[in-house]
Amino acid sequence: MDRSLQGIPASPGVAVGDVHLLLWEVPEVPHRIVSDAEVPAEIERLGRAVERAKERLRHVRDRVEATVGKEEAAIFDVQYSILEDRALIERVEELVRQNLAAERAFDVEMLEWRQRFARHANPMMRERVNDLTDVHIRVLAILLNLPDHDPVDLPAGAKAVLVTHDLTPGLTVQLDRASIVGIATDAGTRTSHVAILARSLGLPAVVGLRTATEKIKGHERVILDGTKGLLVINPSEADVHRYRERAREEEVADAELQGLASLESVTADGVRITLRANVDLPEEAEVAAKTGAEGVGLMRTEFLVVGRTMMPDEDEQYDAYRRVVEAFAGHPVVIRTYDIGGDKLPVGGHPTEANPYLGWRAIRMCLDEPEIFKTQLRALLRASLHGDVRIMLPLVVSVAEVRAARALLGEARAELRARGVKLPDFLPLGVMIETPAAAIAADTLVKETSFFSIGTNDLVQYTLAVDRGNANMAQRFTALHPAVLRLIRRTVEVGTGGGLHVAVCGEMASHPLMAFALLGLGVRELSVNGRSIPLVKRVVRGVSIAKARDAAQRACDALTAEDAEAVLMTELRAAFGDAYFLREGLTAP
Ligand code: PEP
Ligand code: MG
C-alpha cells in the first residue's frame with residue numbers, strides 16, 4: 018500500500034528507512050484486585066519495579082551525560098527524585114493495602130499527581146508533568162512486563178525513522194544519531210522542542226502528522242521528507258529512486274552553493290542585501306558563521322527554558338549569548354528576549370489557557386515577571402561587552418510595552434553598575450512586528466525603538482486567523498495573502514521612513530520565492546535559517562530590485578495568494594529557468 022501523510026516540515030532533508038515505532042504512552046492498566054494474603058508480595062513487587070526503574074534511569078542519565086551533556090542529563094535526576102519521594106511510594110503502598118494490584122495503585126496515584134501538577138499556578142511546576150509522565154510510563158512498563166521502548170535500544174547503524182506520538186524532553190535527549198535517520202511525530206509544531214533539536218542535530222523531521230502512529234504498525238519502509246513535511250508509507254521502488262535522486266540533487270546543489278559563502282550578497286542591479294542567520298541553539302552559531310551570514314538576525318532564547326527544571330541563572334545565559342556573539346565576531350547579533358508560552362513548550366508544556374496564542378506569553382509574561390526578565394537583560398548587557406548585541410522584544414502590540422521593557426533594562430543596567438560592571442552607554446532595543454496591531458500602528462512604535470524585525474510566522478497566523486501549528490490549516494497558512502503582503506509593505510514604509518532598519522526573520526525570508534517578494538517590498542535585511550543562507554544569496558545575486566519591485570507590486574494587487582504566487586514565479590523562472598529550488602513551488606509559509 019502506498020500512502021502519504023502530510024505534516025508540518027520541522028527539519029529539512031530526506032531520509033529513507035524502516036520505521037521504529039516508539040509507543041511512549043501511558044499503557045492501559047487492567048483493574049486487578051489482590052487478596053489480603055497477597056498484599057505483602059505485591060508491595061515487594063512494587064518495590065522491585067521502582068528499584069529497576071531507578072537503575073534504568075541512572076544508566077540513561079550517565080549515558081546522556083557522556084553523549085549530550087550535564088544539563089540535559091539533569092532531567093533524569095528529577096525523574097529519579099520523583100521515585101525517591103517517600104510520600105508517593107507510601108501512598109501507592111497504602112492503595113495496595115486496600116487490595117489494588119501494584120500497577121493499578123501506581124497508575125491511580127500518578128494520575129492524581131499529574132493532574133495536580135498540570136493545574137499548578139507556577140509554570141515551572143507545570144513543566145514537571147513531562148517528568149511525571151515519563152516516570153509513570155517507565156514503572157508501569159516494568160510492572161506490566163511490557164517491552165522497554167526507549168529509543169536508544171536501537172542498534173547503531175539501524176538507520177531507522179523514529180515514529181512516535183510526541184517526544185518528551187527526556188526522550189529527545191536520548192536520540193542516538195548513530196541509529197536514527199529521521200523523526201516523525203503525531204503532535205508538535207515547527208517550534209516545539211523536538212523540531213528545534215532535530216534541526217540542531219541535522220536530522221530530517223516532520224511533526225504534526227496527527228495519525229502516523231495509528232496508520233503505522235512498525236517496521237514499514239518509509240520516506241520522510243522533512244523539507245515538504247511528508248511521510249510516505251510503503252513507497253514504491255520508483256518513489257524511493259525519485260527521492261534519492263532529489264536528495265542527491267540537493268546535495269550537489271548544496272555543495273555548489275557553499276561556494277557562494279565568500280561572495281557578496283548584492284543584487285544584479287547592485288543593491289546590497291544583508292543576510293543574517295536565525296539561531297535556535299548556541300551550538301548552531303559556529304556552523305551558521307561559516308555559511309557567510311553577516312551576523313544573527315534572530316537568536317531565539319527559548320532553548321534555555323524548554324525541558325528544564327529551573328529558570329537559567331544570569332551566568333548560564335551570559336555564557337550562551339557570549340558564545341554566539343563570539344562566533345560572529347564584529348557582526349551584529351540580535352537576541353530576542355523570552356518568547357515563552359503559546360506554542361513554546363516551557364510554560365507547562367500543557368497550556369492551561371483556553372487560547373494560549375492569545376494569552377500570557379512573550380513580552381507580556383516578561384513584563385509580569387520582572388525578576389525573570391531582568392536576569393535575562395543583565396546577561397544580555399554583559400554579553401554586549403563582547404560584541405554588537407541588539408535586544409529584540411517579541412509579540413509587541415503597543416508602545417507601552419516597549420517603554421516598560423526599557424525601564425526594566427534601565428534597572429538591570431543600574432544593578433550591574435552597582436556590582437561594578439562597566440557597560441556601554443547604549444544598546445539597541447528593537448521590536449518584532451508580528452501582529453497586525455504592530456504593523457498597522459507601526460508609526461506609534463517607530464520613534465521609540467531602534468529597529469523593526471518582521472516575524473512572518475506569527476504575522477500570518479494572527480492576520481489570517483490560522484493556527485500556525487495546526488496541520489489541518491497548513492494549506493491556508495500563506496504569507497502571500499494580500500493582507501499579509503500589504504502589512505509587510507506598510508511596516509517597511511513606516512520603518513525605513515522613520516530611519517530604522519527593517520528586517521524579516523520569519524520563515525518567509527528563507528524561501529526563494531518569498532525572499533524575492535520581500536526584496537520587492539523594500540526589505541534589505543533577511544534573517545534566514547542556517548541551511549538556507551546560500552540559497553537565498555543565490556536568489557539575491559540572480560535578481561534585480563527593479564524587477565522584484567514590479568513583481569511585488571503586482572503580487573500585492575493580486576486578488577488571491579495563488580495569483581500572487583504565479584506572478585512571482587513567472588519572474589523567477591525568467592531569472593533562473595528550471596532551477597531545482599523552483600520546481601517544488603511553495604513549500605514554506
Ligand atoms: C515569527 O513569528 O515569525 C518568528 C520569527 O518568531 P517565532 O517563529 O519564534 O514565533
Ligand atoms: Mg513569533
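Letter by letter, the sequence shown follows residues 18 to 606 of the numbering used here.
Positions of the beta carbon are idealized from the N, C-alpha and C atoms, including for glycine.
- Item | Close-in-space but distant-in-sequence residues of the same chain around V416 (CB under 7 angstroms, 5 per side omitted) | One-based indexing of the sequence shown puts residue 416 at position 399. Cβ within range, chain order: T461, L462, E465.
- Cβ neighbour criterion (16 or more within 10 Å) applied to G404: Counted from its first residue, the sequence shown places residue 404 at position 387. By the neighbour-count rule (16 or more Cβ atoms within 10 Å), G404 is buried.
- Message: Shorter than 7 angstroms, the distance from the beta carbon of N489 to the closest heavy atom of ligand 4, or not?
- Response: As for ligand 4, it is missing from this structure, which binds only ligand 1 and ligand 2.
- State the Cα-Cα distance for the pair V483 and L375, rounded to the nearest angstrom. In the sequence shown, counting from the first residue as 1, residue 483 sits at position 466. In the sequence shown, counting from the first residue as 1, residue 375 sits at position 358. Rounded to whole angstroms, V483 to L375 spans 13 angstroms at the Cα level.
- Reduced DSSP category for N162 - H, G, I as helix; E, B as strand; rest coil: Position 145 of the sequence shown, counted from the start, is the residue given in the question as residue 162. It is coil, neither helix nor strand.
- Among S467, R108, V556, nearest to A520 - alpha-carbon criterion: Against the sequence shown, residue 520 aligns to sequence position 503. That would be S467, whose Cα lies nearest to the Cα of A520.
- G314 - containing alpha helix (DSSP H), residue span: As a first step, residue 314 is located in the sequence shown; it is residue number 297 there, counting from the start. Residue range 313 to 316 is occupied by the beta strand (DSSP E) that includes G314, with no alpha helix (DSSP H) assigned at that position.
- Message: Taking only three categories from DSSP, how would you classify A201?
- Response: To locate residue 201, count along the sequence shown from 1; it is residue 184. Looking at A201 - three-state DSSP - the assignment turns out to be strand.
- Message: Given this structure, state the Cα-to-Cα distance separating K391 from A122, to the nearest angstrom.
- Response: To locate residue 391, count along the sequence shown from 1; it is residue 374. To locate residue 122, count along the sequence shown from 1; it is residue 105. Computed Cα separation, rounded: 45 angstroms.
- Query: When the Cα of D297 is compared with those of D286, A310, L321, which residue comes out closest?
  - Reply: In the sequence shown, residue 297 corresponds to position 280, counting from 1. Considering only alpha carbons, the answer is L321.
- Message: Distance cutoff 8 angstroms, beta carbons only. Does E61 sit that close to anything in chain B?
- Response: Looking at the structure shown, chain B is missing, and only one protein chain is on hand.
- Through-space distance from G24 to L171, alpha-carbon basis: Residue 171 sits at position 154 when you count from the first residue of the sequence shown. Residue 24 sits at position 7 when you count from the first residue of the sequence shown. Computed Cα separation, rounded: 25 angstroms.
- Through-space distance from A222 to A264, alpha-carbon basis: Within the sequence shown, the letter at position 247 stands for residue 264. Within the sequence shown, the letter at position 205 stands for residue 222. For A264 and A222, the distance between alpha carbons rounds to 15 angstroms.
- Per DSSP, what kind of secondary structure is G523 in: helix, strand or coil? The residue you call residue 523 lines up with position 506 of the sequence shown. In the displayed model, G523 falls within coil according to three-state DSSP, outside both helix and strand.
- Would the beta-carbon of D475 be found less than 7 angstroms away from any heavy atom of ligand 2? On the sequence shown, residue 475 is found 458 positions in, with the first residue counted as 1. At least one heavy atom of ligand 2 is nearer than 7 angstroms to the Cβ of D475, so yes.
- Message: Ignoring anything shorter than 4 residues, give me the alpha helix (DSSP H) runs that lie fully in the stretch 448 to 529, in order along the chain.
- Response: 453 to 457, 459 to 462, 473 to 481, 499 to 514
- Taking only the alpha-carbon atoms, compute the straight-line gap between A500 and G427 and give it to the nearest angstrom. As a first step, residue 500 is located in the sequence shown; it is residue number 483 there, counting from the start. As a first step, residue 427 is located in the sequence shown; it is residue number 410 there, counting from the start. Going by the C-alpha atoms only, they are around 37 angstroms apart.
- Task: Can you check the stretch 29 to 110 for any alpha helix (DSSP H) of at least 4 residues that lies completely inside it and give the ranges in chain order?
- Result: 56 to 84, 87 to 100
- Query: Per DSSP, L241 is paired with what?
  - Reply: Position 224 of the sequence shown holds residue 241. DSSP, once it has assigned bridges, lists A32, L248 as partnering L241.
- Message: Is G376 close to ligand 2? I mean its beta-carbon at under 7 angstroms from any heavy atom of the ligand.
- Response: As a first step, residue 376 must be located in the sequence shown, where it is residue number 359. It does not: the Cβ of G376 is nowhere closer than 7 angstroms to a heavy atom of ligand 2.
- In terms of residue numbering, what span does the alpha helix (DSSP H) encompassing E542 cover? Taking the first residue of the sequence shown as position 1, residue 542 is located at position 525. Where E542 is concerned, there is no enclosing alpha helix (DSSP H), although the beta strand (DSSP E) it sits in stretches over 542 to 546.
- Assigned secondary structure, M409 (DSSP; H/G/I helix, E/B strand, else coil): As a working mapping, residue 409 is identified with position 392 in the sequence shown. In the structure shown, M409 sits in a strand (DSSP, three-state: E or B).
- Message: Threshold first: 3 residues or longer. Then list the beta strand (DSSP E) segments lying entirely within the stretch 275 to 321, N to C.
- Response: 291 to 296, 313 to 316, all fully within the stretch 275 to 321.
- With DSSP as the reference, please indicate the residues paired to L536 in a beta bridge. Locating residue 536 in the sequence shown gives position 519, counting from the first residue. Per DSSP, none; premise fails for L536.
- Range covered by the alpha helix (DSSP H) that runs through V553: For this step, residue 553 is matched to residue 536 along the sequence shown. Counting along the chain, the alpha helix (DSSP H) containing V553 begins and ends at 550 to 559.
- Message: I'd like the span of the beta strand (DSSP E) that includes P349, first residue to last.
- Response: Numbered from its first residue, the sequence shown carries residue 349 at position 332. Taken as a continuous stretch (DSSP letters only), the beta strand (DSSP E) holding P349 covers 349 to 353.
- Item | Meets three-Cβ-pair contact criterion under 8 angstroms: the stretch 144 to 151 and the stretch 174 to 183 | no
- How would you write the range of the beta strand (DSSP E) that V626 sits in, first residue to last? This structure gives no information on residue 626, because the portion of the chain shown stretches from 18 to 606.
- Message: For ligand 2, I want to know if E484 counts as a neighbour, meaning its beta carbon is within less than 7 angstroms of at least one of the ligand's heavy atoms.
- Response: On the sequence shown, position 467 is the one that residue 484 refers to. Looking at the sequence shown, residue 484 is not Glu but Asp. Not so, every heavy atom of ligand 2 lies at least 7 angstroms from the Cβ.
- Message: Applying the 10 Å Cβ sphere with the 16-neighbour rule, what's the burial state of G365?
- Response: Walking along the sequence shown from the start, residue 365 turns up at place 348. With a pLDDT of only 43 at G365, under the threshold of 50, the placement of this residue in the model should not be trusted; the figure read from the coordinates follows. Buried is the call here.
- Task: Using three-state DSSP, classify T587 as helix, strand or coil.
- Result: Indexing the sequence shown from 1 puts residue 587 at position 570. The answer is helix: DSSP assigns T587 an H, G or I state.
- Message: If you follow the alpha helix (DSSP H) that T392 is in, where does it begin and where does it stop?
- Response: Looking up residue 392 in the sequence shown gives position 375. Unbroken alpha helix (DSSP H) run through T392: 387 to 400.
- With which residues is Q23 paired in a DSSP beta bridge? As a position in the sequence shown, residue 23 is number 6, starting the count at 1. Among the bridge pairs identified by DSSP, Q23 is matched with L247.
- Item | Where I250 falls, given that 16 or more other Cβ within 10 Å makes a residue buried | Along the sequence shown, one-based indexing puts residue 250 at 233. The residue is buried, with at least 16 neighbouring Cβ atoms inside 10 Å.
- Task: Could you tell me the distance, in whole angstroms, from the CA atom of A421 to the CA atom of T291?
- Result: In the sequence shown, residue 421 corresponds to position 404, counting from 1. In the sequence shown, residue 291 corresponds to position 274, counting from 1. A421 and T291: Cα-Cα distance of roughly 30 angstroms.
- Message: Let me check understanding here. Comparing Cα to Cα, which of L481, V406, E268 lies closest to T354?
- Response: As a first step, residue 354 must be located in the sequence shown, where it is residue number 337. Of L481, V406, E268, the residue nearest in Cα terms is V406.
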